[in-house]
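In terms of our numbering, the sequence shown opens at residue 3 and continues consecutively.
Only one structure is covered here, and it is reproduced in the block below.
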Amino acid sequence: MPVRPLTIGEVEQAAEAALPPETWDFVSGGSDAEVTLRANRAAFDRIALTPRVLTGVTAPDTSARLAGTDSTLPMAVAPIAYHRLYHPDGELAVARAAKTLGVPLTVATLSSHRLEDIAAVGGPLWFQLYWLRDRGQIVDLLRRAEALDFRCVMLTVDCPPYGRRLRDVRNGFRLPHDVVAANLADPHRHVARAGEPGAASAIASHTDAIMHPALSWRDVAWVRENTRLPLVLKGVLDPRDAVLAVEHGADAVVVSNHGGRQFDGAPAGVAALPAVAEAVAGRCELLVDGGVRHGTDVLKALALGADGVLLGRPVMWGLATDGERGVETVLTILREEFTHALALTGCAGPAAARDLRVTHVREDRPC
Ligand SMILES: Cc1cc2nc3c(=O)[nH]c(=O)nc-3n(C[C@H](O)[C@H](O)[C@H](O)COP(=O)(O)O)c2cc1C
């Protein structure tokens with residue numbers, strides 16, 4: 003990136019130019035007709051916030067506490083598999099940038115660096131757990147995360163089964179030889195590699211092979227009993243499931259449709275958020291993700307009841323363009339935009355956003 007980008011949209015363009023087309027499709031695409039992927043952005047654009055004036059706020063305090071972790075911003079990096087697809091330094095570069103900016107990084111079960119090496123960077127980390135077929139590996143991952151001072155376990159509940167990512171099927175997407183699921187006991191098992199034959203997406207078949215197809219509330223209870231870390235459930239959209247999450251001991255819920263990569267037809271996270279917030283009524287923390295691209299999106303999420311947001315693709319776009327510095331750029335843009343949005347709406351900090359008036363703008367309304 004020769005000139006420092008001013009928006010996440012500019013970073014996105016630079017990433018598209020930098021990545022091989024099939025890797026670009028893998029990171030940017032969604033499932034089936036990508037209706038939910040588009041809905042994630044459209045939902046934010048339909049929300050308007052009414053600023054307060056004459057509040058005397060000059061320098062808002064942006065800090066937040068999310069899932070028991072202090073953060074300089076009400077933001078954390080979402081779990082994303084295989085960061086080394088975008089840059090050789092992968093999760094290490096992202097961990098360094100997240101540490102510099104003071105925000106938590108969620109390390110994925112399918113991360114391409116070992117938990118131990120990522121933890122050595124020294125920033126605040128969360129651990130994302132996929133429900134693997136091998137319970138012994140789940141126990142091993144939980145014990146390692148605890149020993150390495152990860153601050154919470156985020157169990158992803160909207161996958162498997164793996165969504166139909168048609169771009170990857172068409173591209174016959176394969177992981178390069180040097181990108182592996184570094185934390186699994188047998189990282190090469192079930193993975194078709196670049197140059198190997200086969201029509202479908204290799205990531206889809208790999209994921210279905212290692213993940214247990216039937217995750218249920220009983221398993222959530224098992225995780226709750228088998229870790230002392232705060233428990234976060236990621237991928238909840240229905241208020242009834244959010245209430246069940248509270249009843250099963252979840253400390254936080256991520257209202258999420260997996261970045262439009264799972265059920266195509268699901269509502270945007272930010273559209274599902276108000277009903278979830280009403281149902282849980284403060285009994286657990288709420289994070290939301292999907293389509294967050296501006297500081298104003300973060301403010302909108304807070305106004306609708308979230309405690310914070312997760313950032314997905316933008317972080318990978320930054321990584322693809324300029325490694326650690328690219329991720330720093332993305333987080334800095336969002337920090338500056340969010341701080342400015344707080345000041346412009348008269349909010350002294352994230353908590354004040356709850357009192358902003360929210361209007362839903364319908365673009366299709368006839369004039
Ligand atoms: C390339 C890619 C890989 C992902 N890998 C995971 C994963 O391993 N575990 C998980 O829970 N979510 C995963 N997600 C979903 C993200 O955590 C997050 O929910 C989503 O990206 C948020 O939407 P956004 O990208 O529009 O910000 C992935 C998303 C992308 C784009």
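Backbone N, C-alpha and C fix where the C-beta goes; we use that ideal spot for every residue, glycine too.
Would you kindly check if the distance between the Cβ of residue j and the Cβ of residue i is under 9 Å?
{"i": "Ser114", "j": "Val171", "result": "no"}
{"i": "Pro81", "j": "Gln130", "result": "yes"}
{"i": "Arg337", "j": "Gly297", "result": "yes"}
{"i": "Leu75", "j": "Gly271", "result": "no"}
{"i": "Gly348", "j": "Thr64", "result": "no"}
{"i": "Val234", "j": "Val290", "result": "no"}
When every heavy atom of ligand 1 is checked, does at least one fall within less than 8 Å of the C-beta of residue i?
{"i": "Gln130", "result": "yes"}
{"i": "Gly92", "result": "no"}
{"i": "Gly262", "result": "yes"}
{"i": "Leu313", "result": "yes"}
{"i": "Ala83", "result": "yes"}
{"i": "Asn228", "result": "no"}
{"i": "Ala372", "result": "Nothing can be reported for residue 372, as the shown portion of the chain is limited to 3 through 369."}
{"i": "Met278", "result": "For clarity, residue 278 is Val in the given sequence; the question names Met instead. It does not: the Cβ of Val278 is nowhere closer than 8 Å to a heavy atom of ligand 1."}
{"i": "Met77", "result": "no"}
Look up residue i in the DSSP assignment and say whether it is helix, strand or coil.
{"i": "Ile205", "result": "helix"}
{"i": "Trp133", "result": "coil"}
{"i": "Val96", "result": "helix"}
{"i": "Gly125", "result": "coil"}
{"i": "Ser30", "result": "helix"}
{"i": "Gly310", "result": "strand"}
{"i": "Ala350", "result": "coil"}
{"i": "Leu321", "result": "helix"}
{"i": "Val300", "result": "helix"}
{"i": "Ile49", "result": "strand"}
{"i": "Gly138", "result": "helix"}
{"i": "Thr102", "result": "helix"}
Tell me whether residue i is buried or exposed, calling it buried when 16 or more other Cβ atoms sit within 10 Å of its Cβ.
{"i": "Arg86", "result": "buried"}
{"i": "Ser219", "result": "Sequence inspection shows Trp at residue 219; the Ser mentioned does not correspond to that position. By the 10 Å Cβ count, Trp219 comes out exposed."}
{"i": "Val55", "result": "exposed"}
{"i": "Thr57", "result": "exposed"}
{"i": "Cys369", "result": "Because the pLDDT at Cys369 is just 45, under 50, the model does not fix this residue reliably, and the value given afterwards should be weighed accordingly. So Cys369 ends up on the exposed side."}
{"i": "Gly314", "result": "buried"}
{"i": "His362", "result": "exposed"}
{"i": "Pro126", "result": "buried"}
{"i": "Asp151", "result": "exposed"}
{"i": "Pro215", "result": "exposed"}
{"i": "His260", "result": "buried"}
{"i": "Ala78", "result": "buried"}
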